[in-house]
Amino acid sequence: MIVHTVRRAVFIGLVTGIAAWHLSLVGLIPAFAQRRLVGDTVTFSYALLVTLLVLAAYATGRRYPGATQRIPWGMLSALSAGLMFFLLALVLTHLNLRQILLNATPELARVLTFGSGATIVGLVRVLLISLLSGLFTGALSALPYPWGRVIVSAALMTLLLGLLRDVLGPLLPRGVTSFLYGPAGLSLAGALVVFLLAAALFALRWSRRANGVTARAAAAVPSTFRQPVTRAVLLLILASVPFWAGLFLSNVADFVGFYILMGLGLNLVLGFAGLLDLGYVAFFAVGAYTMAVLTSPEVGQRFTLDFWVALPIAVVATVFAGLLVGLPVLRMRGDYLAIATLGFGEIVRLLVLSDWLKPYLGGAQGVTRIARPNIASWRIDSPQEFYFLILVSCLFAWFLSIRLRDSRLGRAWFAIREDEHVAQAMGINRVTAKLSAFAIGASFGGLSGALFASLVGSVVPASFSLLVSINVVALLVLGGMGSLPGVLVGALALVGIPELLREFQEYRLLLYGMVLIAMMLFRPAGLFPERIHRRELEEAVEEAREIAPAEIATGRG
Amino acid sequence: MVLLETSHLTKRFGGLVALRNVDLAVEERAIHSVIGPNGAGKTTLFNCITGFLIPDTGDIRFSGSSIAGLRPDLVARLGIARTYQNIRLFRHLSALDNVLIALHPHIHYSLLDAILRTPRFRRAEQAAEREARELLAFVGLAGKEFLTATNLPYGDQRRLEIARALALRPKLLLLDEPTAGMNPYETEEMIRLIRRLRGERGITILLIEHDMKVVMNISDVVTVLDFGEKIAEGPPEEVRRDPRVIEAYLGRGAASGLGPASMPLPGEA
Amino acid sequence: MTIAAPQRLTGGRRIDISQLIVWGIGGLLLTIVFLGSILTLRAGHYSAAQWRDFIVFGIAQGAIYALIALGYTMVYGVLRMINFAHGEVFMSGAMTTFFLADYLNRSGFLKSHPWVSLIAMLLFSGLVSMTVAVLVERIAYRPLRGAPRLVPLITAVGASFFLQYTFRGLFGSGVRAYPAIPVLQGKLWVFQKTQIAVFVGVLITLVLLVLFLQRTRAGLAIRAVAEDREAAALMGVDVDRAIVTTFAVGGFMAGIAGVLYALVFIQVQFFMGFLPGIKAFTAAVLGGIGNLPGAAVGGLVLGVIESIGPSLFFDGYGIRAAHQLKDVIAFTILVLILIFRPTGLLGERLGGEERL
Ligand SMILES: Nc1ncnc2c1ncn2[C@@H]1O[C@H](COP(=O)(O)OP(=O)(O)OP(=O)(O)O)[C@@H](O)[C@H]1O
Ligand SMILES: [Mg+2]
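This is the structure:
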């Protein structure tokens, strides 16, 4: 029994160690060695390593009931992981592998040993940190219900704020900034304050939930979201972004917006109707190129159109593209559909890239001098100004998504997602249902593409690779397929953060890959699960409280 | 009057003849059972009627017009609803939504109505919800509207499937082994429900059933299939005594070499 | 038989407008291709020798596709899923073996013992790819067996990108050039010697594969699981083990294909798995996914079409830089075959049918 437990703990530790090797050697961990989060010592790399240790301890401890077991086994597991860190550091110091492995540098060895290098001191340091992580994790997980969560969430929040120093620093009032932030990352005092504040907030939220609300309903966005006042405030905050955010941040917000639009579009297809479209970028491309061709003087016809004329044409063109893709794949089953749509996406990209269509689409150099919109005499030019256009589009798409979801068409989509065969037996015409999902979903992508082309002012084929499709799928999967808030969260996390942190750029797709696998393994419903029937769920919870058990019993007979 | 009629219905899967020249006539407001050993072609018959399989030859007529080869959703709209042998609910949706989905053909408003939430939309949705709740109450699921389908107990899932089928406002309801896996008490309840379907709603019922007690208890007519062929038909008492039926259930089995190597006994005949 | 099987058209009443449109588009494409071919042949820009070279190149390329396609098809046979990451399995072998090849080259061993080196490279690459394939199965697929179809599909896409960018992170994003193997330089009759090496390599691997599947217990287990997983389990076949073996064998062949690919194209890069992966998948579907000989035939057919296609179909129209449309042809074939004949040219063989 003991032997088995020990073996399991060590095994989890070793696997974690291998994960750390992977992250180290692909360069993710060394890339963040300079990124300080808190004070002078806590870098993002260290935070990642400690996170791994904590995860190992957590994974090991979770199956045992109390702290007395969780702590020692968690510590053992973290210790084995820590040893693996050190082992890699040792290898790196004594063997020169740089000819083969790009990141196998002595610098990495230092990072892996938390700054000491592969010496006895380093060993002691690694082991100590491992033991502490294990201890800490075991203790946390033994706390009563919301507290463990509260502390972990608050800690993550603190790290996130530290990570976003360069972004948030300039935005906050100067006094606050100089208190919270040091030369790099949060100052110690700042970190403490942030942590406590965040903890208080989370505690408040979770304790409210704990009061008689079922776990499922609890995962909902707090119902305050629905209240008009909250909504108005939220809208105001969203609308004010360009006024306080600088050029850089507005630009990032615009890009997040493009992906939210695409996410909402693909959500109709993948989230609602359950059709995995891996070629979604094609619609983005069709929208962008329609805008480009119609408004740029460089290619195609001699005349150029105004932005406002071209925009609806672009959207209509994508609707047609959606139908064109949708028609042939109607009868395909899931995996074939994914590949066929991927094929469509690639065909579009390759055609755009080809010299054959160069006179019309600009070939590899793309199209420049795309029109910007005017509203009366106001020319929408800067990313800040564009933001409003994008915001309005997103809100519109969001609104449309909700209205469609709650209609009979939305229910038809869900039915098809759940069981296409039965859906048909219930009188649902799968041709119209699927085609409408493809067409409407495509139109959001087209809108996004048209706005993108106009904002950037040029389009090149390279912007329309498969990676865009994968990006959109990944953000849906992270947020929760079918969930609208999920789209928002997914886009912020998978587009916003990598745009903000240049170190991330390189590892973006690695991250997407991990997100896709990890989410499916551990949380297939996503971080913000679909809440189609929150209304009903809330009612259900209330009813469950009101209806006496006896009544339920009689209702049955 | 005959509501559903198949004539010379034949369906092959490669070399296997799942249905061979099946003639079937279901009277209006009858409870008509189809029985037969495993693999006899009963479910295949249902699949042909509901449009999921296209018969190779033969015709299917419903209320006088031919429906063979018609798309499944159109068949459903004509008033033929079904349940499945292995329950097939929309598993992640609430009971209410399961029923609402099947009301799809009876909800009328345009996409624009839905987007703008016009009075027409509200009225239609409210009426639909009322009807769905009423159907759930009818099958005995009142108060469970918002439970997710998977979270319902087995018996309730079977009844939810029936409620969902009823939402199509069918004239003919095909039930594929509705009491499979039920305990005697639940079976009793199911029998009562099936009777009520006909009595209170005037629905004609075509029923596949392995439990002979159920079959004998509620059927007006019993049709027996064996290896895709109709071998007997008539009132339950008569069919029960038919030597060919007894042979089909107890006799040949592996020896015939025509079908599946082993032919397990159905129900407690 | 899937619900969407084309057989359902036979009722006559099932053909609706949506399908007519699809058939119309298909017909239009065929006409374009047909007309283009005639125009090209009439124009006579290409000599017979040129066409022959196209075909030879196509066969060599197609043989490699075939080898990768076998992996897709075998996994499909046992699991009914598309191992989307298989292209990356192929890449991982080729990328990693570059370093072995480079080492052998610099130490002079490659020059002194070219055949030994080549075999070592093939085996090494096969083992690397095999390990990667087995790991992918273990981590990304096995825990999700029995989940809705969409779920493993998404992890497969995830695994694909994870692998690509892992290799990019490990070895960098640059292009690496395999060293030239002295004995494989030059031509033999109309063939490049590397092409001959590819044919021979593919042929030997295929023979070994067939022997493995027909003559060994593990091969028998794979075939049993492909036929009917439940029944196989009841008969005492270790299903998990059979599945892992399938991934291992498929991965090994992909690794071998990786080195053969590098012999022909010299350059390897982290992104190199994507196109061959998709094309091998196309080949697998073309030959009928789940069907082993089909995969081989599909690979060759695709390789040849892709090689002669751009010139044959488009040259007649005077399209500029028609060779850029090579991949368009491959993808179009992929889409068309999925639309019009998802069971492939030779039909589904390995494995039973899906029921309603
Ligand atoms: N889609 C299909 N493709 C190929 N063969 C099928 C298909 N559907 C059914 N069959 C075969 O047709 C025969 C009849 O099957 P069917 O499901 O109709 O039997 P059944 O009478 O409903 O049996 P059970 O009592 O077990 O439900 C069986 O041998 C079955 O294997
Ligand atoms: Mg049956």
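Residue numbers (the numbering used here), protein chains in the order written: chain A, 885 to 1441; chain B, 16 to 284; chain C, 51 to 406.
From the three backbone atoms N, C-alpha and C, an ideal C-beta is built for every residue, glycine too.
None of the values given here were measured: they were computed from a predicted structure.
- Interface flag for Gly1370 (chain A) against chain B is unset, since no Cβ pair is found closer than 8 Å.
- Straight-line measurement puts the Cα of Phe105 (chain B) at about 13 Å from the Cα of Gly1158 (chain A).
- If you look at Ser48 (chain B), you'll find it in the beta strand (DSSP E) that goes Ile46 to Ile50.
- Counted as a single uninterrupted DSSP element, the stretch harbouring Asp88 (chain B) is not any beta strand (DSSP E) but the alpha helix (DSSP H) occupying residues Pro87 to Leu93.
- Distance from the Cα of Leu1148 (chain A) is smallest, within the candidate group A:Ser1332, A:Leu1064, A:Gln1249 and A:Gly1206, for A:Ser1332.
- Assignment of beta-bridge partners to Glu244 (chain B) by DSSP yields B:Asp241.
- Assigned with DSSP and collapsed to three states, Gly249 (chain B) falls in strand.
- Asn36 (chain B) carries a strand assignment under DSSP once its states are collapsed to helix, strand and coil.
- If you draw a 10 Å sphere on the C-beta of Thr266 (chain C), you find fewer than 16 other C-beta atoms in it, and that means exposed.
- Restricted to the region 1245-1328 of chain A, the alpha helix (DSSP H) segments that are unbroken, complete and at least 4 residues in length are 1267-1289, 1292-1302 and 1304-1309, listed in chain order.
- The Cβ of Asp71 (chain B) sits no closer than 8 Å to any Cβ of chain A.
- Cβ contact annotation for Ser1000 (chain A) (same chain, cutoff 6 Å, sequence separation greater than five): Gly1006 and Arg1009, in chain order.
- In this structure, the CA atom of Thr21 (chain B) is about 17 Å from the CA atom of Ile46 (chain B).
- If you draw a straight line from the Cα of Val1153 (chain A) to the Cα of Leu1221 (chain A), it comes to about 12 Å.
- Sequence-distant Cβ neighbours of Leu221 (chain B) in its own chain, meaning closer than 6 Å and more than five residues away, are Val41, His47 and Leu189.
- In the same chain as Ile1312 (chain A), and ignoring 5 residues on each side of it, the C-beta atoms closer than 8 Å to its own belong to Ala1296, Ala1299 and Ile1300, in chain order.
- For Lys57 (chain B), the shortest separation between its Cβ and any heavy atom of ligand 1 lies below 7 Å.
- In this structure, the CA atom of Val237 (chain B) is about 7 Å from the CA atom of Ile50 (chain B).
- In chain order, Ile122, His123 and Tyr124 place their CB closer than 7 Å to the CB of Ala139 (chain B), counting only its own chain and leaving out the 5 sequence neighbours on each side.
- Within the region 1005-1056 of chain A, the runs of alpha helix (DSSP H) at least 4 residues long that lie entirely inside it are, in chain order, 1029-1047 and 1049-1052.
- Under DSSP, Ala96 (chain B) takes part in a beta bridge, and its partners are B:Leu188.
- Less than 8 Å divides the Cβ of Leu60 (chain B) from the Cβ of Leu34 (chain B).
- Look at the region 889-920 of chain A: the residues with a C-beta under 8 Å from a C-beta of chain C are His906, Leu909, Val910, Gly911 and Leu912.
- Annotated three-state conformation of Gln983 (chain A) is coil, per DSSP.
- Listed along the chain, the chain A residues whose CB falls inside 8 Å of the CB of Leu384 (chain C) are Ile1223, Ala1224 and Gly1227.
- Proximity of Pro1112 (chain A) to chain C, defined by a Cβ-Cβ separation below 8 Å, is not satisfied.
- A distance below 7 Å between beta-carbons, with the five flanking residues on each side excluded, links Val207 (chain C) to the following residues of its chain, in chain order: Phe134.
- For the options B:Leu162, B:Arg255, B:Pro250 and B:Thr98, the alpha carbon positioned closest to that of Ala1307 (chain A) is the one of B:Thr98.
- Taking a Cβ-Cβ threshold of 8 Å, the residues of chain A close to Ala117 (chain B) are Met1310 and Gly1311, in chain order.
- The DSSP-derived three-state label of Tyr1065 (chain A) is strand.
- Legend: CB atoms of the region 95-116 of chain B lying less than 7 Å from CB atoms of chain A belong to residues Arg97, Arg103, Phe105, Arg106, His107, Leu108, Ser109, Leu111, Asp112, Leu115 and Ile116.
- By the neighbour-count criterion, in which 16 or more other beta carbons inside 10 Å mark a residue as buried, His373 (chain C) falls on the exposed side.
- By the neighbour-count definition (other C-beta atoms within 10 Å, threshold 16), Glu252 (chain B) is an exposed residue.
- It is roughly 8 Å from the alpha-carbon of Asp288 (chain C) to the alpha-carbon of Ala271 (chain C).
- Counted as a single uninterrupted DSSP element, the stretch harbouring Glu1182 (chain A) is not any beta strand (DSSP E), since DSSP gives it neither H nor E.
- Just so you know, the alpha carbons of Leu1120 (chain A) and Leu1043 (chain A) end up roughly 27 Å apart.
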